[in-house]
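Enquirer: First, the structure itself, so that you have it in front of you.
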């Protein structure tokens with residue numbers, strides 16, 4: 001299974017863009033990059049996923065490098081409610097449904 | 113709004129008790145998962161199921177069993193609870209991988225189990 005490496009913690013000023021990096025140098029060609037976040041005392045929440053093209057939705061943007069060895073999650077205008085642990089996950093692709101294996105994630109603190 | 117519902121938010125049980133953690137999803141998802149989360153160890157997969165009556169061991173199945181008699185319900189069973197099973201337990205569900213684009217897992221809010 002491809003593994004990911006994320007910084008353990010980051011700070012961001014409220015209203016600024018938060019850029020969360022992730023390295024996944026052993027990713028396979030058919031594996032997707034997923035991002036989840038977990039706000040304190042809640043279950044993880046899906047944010048976005050991508051294969052090789054950049055993706056954007058109402059929550060965030062995902063930038064994947066051309067060689068797919070790294071990606072960046074961008075929260076364009078961070079708010080205090082974005083304070084959470086963010087997980088970058090490479091999805092194990094198997095016929096029974098692709099288990100999600102979580103790493104330690106990045107603890108993002110958005111400060112006023 | 114689609115949901116994964118876990119029956120209890122907080123639970124306190126005694127050592128040696130048989131404990132049932134229930135999870136129900138209303139999204140007609142094929143796959144269901146049980147994780148536990150501990151400080152410093154992150155989320156670890158206990159068991160998962162990709163169909164009714166089917167189950168697969170995750171990374172830490174010891175001391176646990178599961179039951180999936182209906183598509184919407186996935187139960188985690190602690191046959192004889194021990195103090196090292198004190199943890200936050202999270203249930204999740206998803207569509208089968210082959211259904212594209214798969215938007216990911218939906219998690220429940222978690223059950224914080226304390227074994228005394």
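Residue numbers (my numbering), protein chains in the order written: chain A, 1 to 112; chain B, 113 to 228.
C-beta: ideal position from N, C-alpha, C; glycine also.
At what residues does the beta strand (DSSP E) containing residue 50 (chain A) begin and finish?
Expert: Taking the first chain and counting its residues from 1, the one referred to as residue 50 (chain A) is at position 50. 45-50 is the extent of the beta strand (DSSP E) around residue 50 (chain A).
Enquirer: When burial is assigned at 16 or more other CB atoms within 10 Å of the CB, is residue 153 (chain B) buried or exposed?
Expert: Within the second chain, the letter at position 41 stands for residue 153 (chain B). The residue is exposed, with fewer than 16 neighbouring Cβ atoms inside 10 Å.
Enquirer: Which residues in chain B sit within 8 Å of residue 99 (chain A), going by Cβ to Cβ distance?
Expert: Indexing the first chain from 1 puts residue 99 (chain A) at position 99. Per Cβ cutoff of 8 Å: 145, 157, 160 and 170.
Enquirer: If we cut at 9 Å on Cβ distances, does residue 6 (chain A) have a partner in chain B?
Expert: Locating residue 6 (chain A) in the first chain gives position 6, where the first residue counts as 1. Among the residues facing chain B, residue 6 (chain A) is not included, as its CB has no counterpart in that chain under 9 Å away.
Enquirer: How would you call residue 116 (chain A), buried or exposed, if buried means at least 16 neighbouring beta carbons within 10 angstroms?
Expert: The requested residue 116 (chain A) does not occur in the structure, where chain A is confined to residues 1 to 112.
Enquirer: Determine the contact status of residue 219 (chain B) and residue 103 (chain A), defining contact as a CB-CB distance below 9 Å.
Expert: Counted from its first residue, the second chain places residue 219 (chain B) at position 107. Counted from its first residue, the first chain places residue 103 (chain A) at position 103. Contact flag unset, no.
Enquirer: Got a sec: which bits of the segment 39-63 of chain A sit with their beta carbon under 8 Å from any beta carbon on chain B, in order along the chain?
Expert: 41, 42, 43, 44, 45, 46 and 49
Enquirer: My output table needs one value for residue 54 (chain A): the three-state DSSP class, helix, strand or coil.
Expert: Mapped onto the first chain, residue 54 (chain A) falls at position 54. Here residue 54 (chain A) sits in coil by DSSP.
Enquirer: Per DSSP, what are the beta-bridge partners of residue 226 (chain B) in this structure?
Expert: In the second chain, counting from the first residue as 1, residue 226 (chain B) sits at position 114. According to DSSP, residue 226 (chain B) bridges with B:124.
Enquirer: Should residue 20 (chain A) and residue 204 (chain B) be called a contact, given that it needs their Cβ atoms to be closer than 9 Å?
Expert: Locating residue 20 (chain A) in the first chain gives position 20, counting from the first residue. Locating residue 204 (chain B) in the second chain gives position 92, counting from the first residue. No, they are not a contact pair.
Enquirer: Looking only at its own chain, which residues have a Cβ that is under 6 Å from the Cβ of residue 133 (chain B), when we skip the five neighbours before and after it?
Expert: Translated into the one-based positions of the second chain, residue 133 (chain B) becomes position 21. If we look at residue 133 (chain B) and ignore the five residues flanking it on each side, its Cβ neighbours are 188, 201 and 223.
Enquirer: Going by C-alpha to C-alpha distance, which of B:217, B:168, B:206 and B:190 sits closest to residue 126 (chain B)?
Expert: By 1-based counting over the second chain, the position of residue 126 (chain B) is 14. It is B:190.
Enquirer: Under 9 Å between the Cβ atoms of residue 146 (chain B) and residue 122 (chain B)?
Expert: Translated into the one-based positions of the second chain, residue 146 (chain B) becomes position 34. Translated into the one-based positions of the second chain, residue 122 (chain B) becomes position 10. Residue 122 (chain B) sits away from residue 146 (chain B), with the two beta carbons spaced by 9 Å or more.
Enquirer: Can you give me the C-alpha to C-alpha distance between residue 109 (chain A) and residue 160 (chain B), rounded to a whole angstrom?
Expert: Working through the first chain from its first residue, we reach residue 109 (chain A) at position 109. Working through the second chain from its first residue, we reach residue 160 (chain B) at position 48. In a straight line, the C-alpha of residue 109 (chain A) is about 32 Å away from that of residue 160 (chain B).
Enquirer: Contact defined as beta carbons within less than 8 Å: I believe residue 164 (chain B) pairs with residue 182 (chain B). What is the distance between those atoms, to the nearest angstrom?
Expert: The residue labelled residue 164 (chain B) in the question sits at position 52 within the second chain. The residue labelled residue 182 (chain B) in the question sits at position 70 within the second chain. Right, the Cβ-Cβ distance comes to about 7 Å (below 8 Å), so this counts as a contact.
Enquirer: Could you please tell me which residues of the segment 5-37 of chain A, in chain order, have their CB closer than 7 Å to any CB of chain B?
Expert: Cβ contacts with chain B come from 34.
Enquirer: Does any residue of chain A have a CB that is nearer than 9 Å to the CB of residue 198 (chain B)?
Expert: As a first step, residue 198 (chain B) must be located in the second chain, where it is residue number 86. No, because no Cβ of chain A sits closer than 9 Å to the Cβ of residue 198 (chain B).
Enquirer: Does the beta carbon of residue 225 (chain B) come closer than 9 Å to any beta carbon on chain A?
Expert: Indexing the second chain from 1 puts residue 225 (chain B) at position 113. It does not; no Cβ of chain A falls within 9 Å.
Enquirer: Mind checking whether residue 63 (chain A) and residue 47 (chain A) have CB atoms under 9 Å apart?
Expert: As a first step, residue 63 (chain A) is located in the first chain; it is residue number 63 there, counting from the start. As a first step, residue 47 (chain A) is located in the first chain; it is residue number 47 there, counting from the start. Cβ distance not < 9 Å, so residue 63 (chain A) and residue 47 (chain A) don't count as in contact.
Enquirer: Would you mind telling me which residues of chain A sit closer than 7 Å to residue 217 (chain B), beta carbon to beta carbon, in chain order?
Expert: Position 105 of the second chain, counted from the start, is the residue given in the question as residue 217 (chain B). Per Cβ cutoff of 7 Å: 46 and 100.
Enquirer: Look at residue 82 (chain A) and residue 12 (chain A) and say whether their C-beta atoms are less than 9 Å apart.
Expert: Here residue 82 (chain A) refers to the residue found at position 82 of the first chain. Here residue 12 (chain A) refers to the residue found at position 12 of the first chain. Between residue 82 (chain A) and residue 12 (chain A), the C-beta spacing is below 9 Å.
Enquirer: Mapping DSSP to helix, strand and coil, what is residue 195 (chain B)?
Expert: For this step, residue 195 (chain B) is matched to residue 83 along the second chain. Correct three-state label for residue 195 (chain B): helix.
Enquirer: Using a Cβ cut-off of 8 Å, pull out every chain A residue sitting near residue 202 (chain B), in sequence order please.
Expert: Taking the first residue of the second chain as 1, we reach residue 202 (chain B) at position 90. Simply 43 and 44.
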